[in-house]
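To convert, take the position in the sequence shown, counting from 1, and add 54; that gives UniProt numbering.
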Amino acid sequence: QPKTPTRDDSEFRDYAHSEISRDVATIKYSVVMHLTATFLRTPASIDSAHAYLASAFSVRDRLLQRWNLTNEYHDKIGAKRVYYMSLEFLIGRTFDNALLALGLREEYSKVLGDVGFCLEDIIDEERDAALGNGGLGRLAACYVDSMACSNYPGWGYGLRYKYGMFQQQILNGYQVEAPDCWLDTPNPWEFPRPDVTYPVKFYGHLVRDPHSAHRYKWESDVVYDAMAFDVPVPGYGTTNVGNIRLWSCKTNTLFDLNKFNSGDYQGATGGQVAAQILTDVLYPNDNTNDGKELRLRQEYLFCSATMQDIMARFRKTGRPLSELPDLAAIQLNDTHPTLGVPELMRILIDDEGLSWDEAWDITTRTFAFTNHTILPEAMEKWPVPMLDKILPRHMGIIYDINLFFLQKVEKQFPGDRELLSRISIIEETNPQQVRMAFLACVGSHKVNGVAAIHSDIIKQTIFKDFVRIQGVDKFINKTNGVSPRRWMNECNPDMSDLITEAVGDRSWVNDLTKVKQLEDRIEDVSFRERWWAAKQKNKERLAEYILTTTGIKVSAHALFDVQVKRIHEYKRQLMNIFSVIYRYHLLKQMSPEQREREVPRVVIFAGKAASGYWVAKQVIKLINSVAEVVNSDEEIGDVLKVVFIPDYSVTAAEVIIPASDISQHISTAGTEASGTSNMKFVLNGGIILGTVDGANIEIGEEIGEEQIFFFGCLAHEVEDFRHYLRFNQPKPDAALQTAFDMIQRNTFGDAQLFQPLIDAIMRGGDVYLLSVDFPSYIEAHKAVEEAYRNHDEWVTKSILSVARMAKFSSDRSIQEYAEEVWNIEPQPVLNCGL
Ligand code: BZD
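This is the structure we're talking about:
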């Protein structure tokens with residue numbers, strides 16, 4: 055508890071609350087101070103790494119000052135906060151983002167220029183914070199950005215992994231993983247809080263409270279400490295600064311002096327080493343659940359520290375516990391943080407002494423849950439014996455949650471035993487398993503999917519019974535969005551300047567509805583030319599990037615056809631590379647004159663495969679093998695190039711996305727919950743080639759279906775096709791067969807390597823329906839080519855699309871969550887009275 059100051063602190067307040075001057079001289083002084091005092095550099099020993107660090111620390115000073123003001127203000131007015139709980143935050147870089155938010159980019163450019171550095175090079179010194187796998191983690195980062203920019207009092211909570219998403223190297227065409235040691239150099243964007251540390255228990259046994267049927271004492275010697283690191287989230291065009299609080303694990307058993315004195319140095323810190331493992335590494339799985347015990351312990355460390363922290367903040371207000379839902383809304387980013395539900399129950403019952411019913415009422419009014427997938431392999435389930443061993447108290451609470459829930463349902467639908475077994479949180483397998491999606495659903499007052507089609511599907515499938523039991527109003531849709539700050543203004547400066555010109559000022563960055571005004575410029579010849587030139591410049595930047603990362607030279611005048619995302623069977627990179635093989639075949643059949651008339655194309659892939667996902671890794675190998683053959687075929691030249699850009703990341707995406715003409719989002723209908731890169735590509739003037747799936751559908755509704763090249767079967771047809779293919783051999787069309795034949799004739803090296811990929815289609819039931827969608831996919835490619843030939847038509851599509859994309863700002867998503875789920879309001883920090 056901080057002591058209430060009795061001294062006169064008014065002068066301190068005056069200084070703390072007055073913004074640091076923004077003139078170049080002050081900035082220069084602060085950068086030089088950090089260079090000399092924080093990093094011990096002399097003018098002779100400054101390199102760009104330290105120029106970056108010193109600049110970043112000086113920016114951080116400003117952010118932390120605003121951070122303090124924001125939190126002090128929200129505390130003072132007793133604002134309700136939202137807590138976005140996510141095991142992943144895929145943040146990327148922060149320096150440029152912060153400079154733009156603070157409006158100090160030009161000033162820093164000048165300061166760095168004066169000491170002989172170029173801002174762009176300095177920006178490139180920063181390493182990505184890659185604490186996430188893909189869409190789910192990046193969504194969390196966009197959402198905290200939007201909360202800060204829209205002045206919502208909100209925090210992200212996550213884990214501070216020592217090793218983030220692995221670095222992908224390509225050796226001999228294969229993916230090789232290397233650790234991401236992102237904390238090896240100082241990280242200016244985190245602020246360690248040793249004062250904010252909580253003990254987290256594991257294992258042990260329970261002692262029943264003799265006075266209460268529901269209360270227990272949980273005793274255990276295995277106690278870890280979770281220590282907070284705060285990551286400031288700069289708000290653009292506001293002084294509000296958000297926060298992501300990340301937990302780092304250490305043991306709380308003291309250093310063993312006896313062991314140390316007897317020479318056992320390692321033993322003395324043994325516990326420390328074991329504990330650190332908990333937050334050592336991000337699990338590199340996207341849309342799969344591997345059920346590892348270490349992952350469960352990570353999840354609990356995260357949930358326990360977060361719930362203790364939220365409760366500590368709440369207790370300081372002195373308000374009764376029943377008012378917790380009036381001051382805190384907690385959003386579960388998928389099921390990974392679901393142990394927060396039994397953890398809050400444990401705190402309220404065992405520590406605070408509430409009755410079960412009181413605790414349950416508070417808990418369910420506090421939590422809400424977002425589902426991001428219905429792929430069966432991604433569904434989190436924990437074996438009961440494992441949970442019982444590691445978290446005996448929580449297992450007991452989950453049993454009781456289930457018991458009371460089933461009793462209620464039994465009253466509502468007497469005698470329906472089938473129903474009870476379908477909805478039970480405990481699955482009656484051997485061993486029994488806890489279905490985390492059901493626990494999250496029962497423990498929350500709202501459940502949402504991430505695009506309209508996905509929200510409909512979950513109501514018809516995994517949560518069908520729950521809709522009947524708990525009412526349809528509990529199940530809502532919140533279509534994803536992305537941050538226009540990072541995904542337009544920051545990554546695409548030239549296009550952003552054009553939008554600013556059309557709108558009249560840069561206010562569209564915080565209010566994307568204004569991009570509508572681009573439609574007024576659709577006939578403006580000069581504007582159209584400059585629009586095209588901006589894309590061309592981005593393509594040249596990407597061509598340069600491809601050259602440095604792969605050594606492949608591509609023409610920036612070719613059509614850039616991009617598929618960048620995690621490698622997964624349902625995303626069908628395999629279908630893409632089969633179509634490339636078929637195109638190669640067609641080109642080989644042509645005369646040089648015919649080839650000359652083709653639209654030259656660069657097919658660009660990037661994405662990581664989970665380290666244990668063999669099929670996905672073979673797909674990478676196939677892409678690289680095809681690339682090697684095609685790119686070295688002199689007859690083909692620039693008419694077709696195939697590129698696999700290694701180590702896809704947020705920073706790589708910021709170069710790739712603004713440069714695309716076409717991007718592919720071609721999941722089997724009904725499998726991609728939403729997708730968010732589809733939004734980013736269109737917001738950067740690219741056109742989608744995609745299936746009728748996820749957010750592609752809503753993008754089409756907004757910008758006009760004629761702006762998208764749709765193909766493939768529809769979600770409601772998938773089941774019948776799959777059923778048919780379980781019992782019948784697929785019938786590949788001539789084009790697909792040609793691709794198979796070329797592989798099998800060793801055109802791309804040893805056919806044996808790739809036979810399993812063909813077998814998955816021909817003998818494995820073709821679960822992702824490649825053989826079904828391939829003919830319409832090839833037709834869609836033809837349509838793309840025809841449209842691209844018509845330059846004018848293409849530019850019109852591009853500008854119109856951006857103009858109509860306002861819906862896909864994450865600001866819109868966050869506003870909907872705030873109003874319909876969290877019941878919170880914007881609280882712009884007012885300097886008055888602090
Ligand atoms: O979430 C993704 C979906 O696949 C996308 O369709 C959607 O747009 C985004 C955001 O809503 N899901 C994931 O990214 N899932 C994971 O990364 C993940 C990670 C660990 C365990 C399970 C899933």
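Where is the CB? At the ideal position from N, CA and C, for every residue including glycine.
Small disclaimer: the values here were computed from a predicted structure and weren't measured.
- Under the three-state reduction of DSSP output, residue 232 falls in the strand class.
- In the three-state DSSP reduction, residue 719 falls in the strand class (E or B).
- In its chain, beyond the 5 residues on either side, 117, 121, 295 have a beta carbon closer than 6 Å to the beta carbon of residue 286.
- A straight-line Cα-Cα distance of about 7 Å links residue 546 and residue 738.
- Residue pairing from DSSP leaves residue 207 without any beta-bridge partner.
- Residue environment for residue 391: buried (at least 16 other C-beta atoms within 10 angstroms of its C-beta).
- Residue 825 is a Cβ neighbour of residue 790, given a cutoff of 8 Å.
- Relative to ligand 1, the beta carbon of residue 770 is positioned no closer than 7 Å to any heavy atom.
- Taken in chain order, the complete beta strand (DSSP E) segments of 3 or more residues contained in the segment 606-632 are 613-618.
- Beta-bridge pairing by DSSP links residue 481 to 487.
- Beyond the five residues adjoining it in sequence on each side, residue 355 comes within less than 8 Å, by CB distance, of 213, 254, 278, 280, 301, 303, 332, 333 in the same chain, given in chain order.
- Of the residues assessed, residue 154 falls on the buried side of the cut-off, its CB having 16 or more other CB atoms within 10 angstroms.
- Taking 8 Å as the upper bound for CB-CB distance, residue 603 and residue 699 are in contact here, some 6 Å apart.
- Residue 393 is not a Cβ neighbour of residue 420, given a cutoff of 8 Å.
- Counting only runs of 4 or more residues that sit fully inside the segment 69-115, the alpha helix (DSSP H) segments are 78-87, in chain order.
- For residue 173, the three-state secondary structure derived from DSSP is helix.
- Relative to residue 759, the option among 744, 180, 770 whose CA is nearest is 744.
- Not one heavy atom of ligand 1 is found less than 7 Å from the C-beta of residue 491.
- The alpha carbon of residue 242 has as its nearest neighbour, out of 794, 93, 512, the alpha carbon of 93.
- Judged by beta-carbon spacing, residue 727 lies beyond the 8 Å limit of residue 448, meaning their Cβ atoms are not closer than that value.
- Taken from the Cβ of residue 611, every heavy atom of ligand 1 lies 7 Å or farther away.
- Straight through space, the alpha carbons of residue 237 and residue 216 are spaced by roughly 7 Å.
- DSSP places residue 495 in the helix class (H, G or I) of the three-state scheme.
- Annotated as proximal: residue 143 and residue 194, with beta-carbon spacing under 8 Å.
- Burial check for residue 580: the Cβ neighbour count within 10 Å stays below 16, so the residue is exposed.
- Annotation: residue 761 is outside any alpha helix (DSSP H) and is labelled neither H nor E by DSSP.
- Here residue 644 carries a coil assignment [DSSP, helix/strand/coil].
- Within the same chain, 805 come within 6 Å of residue 798 by CB-CB distance, once the 5 residues on both sides are set aside.
- For residue 139, the enclosing beta strand (DSSP E) covers residues 135-139.
- For residue 95, the CB contacts under 6 Å within the same chain, skipping 5 residues up- and downstream, are 89, 104 in chain order.
- Short note on residue 728: C-beta closer than 7 Å to some heavy atom of ligand 1.
- Of the heavy atoms belonging to ligand 1, none sits nearer than 7 Å to the Cβ of residue 502.
- The Cβ-Cβ distance between residue 697 and residue 638 does not fall below 8 Å.
- Taking 4 residues as the minimum length, the alpha helix (DSSP H) runs contained wholly in the segment 140-199 are 149-156, 159-168, 173-177, in order along the chain.
- In terms of side-chain proximity, the C-beta atom of residue 193 is found nearer than 7 Å to a non-hydrogen atom of ligand 1.
- Scanning 505, 521, 617 for the CA closest to the CA of residue 747 turns up 505.
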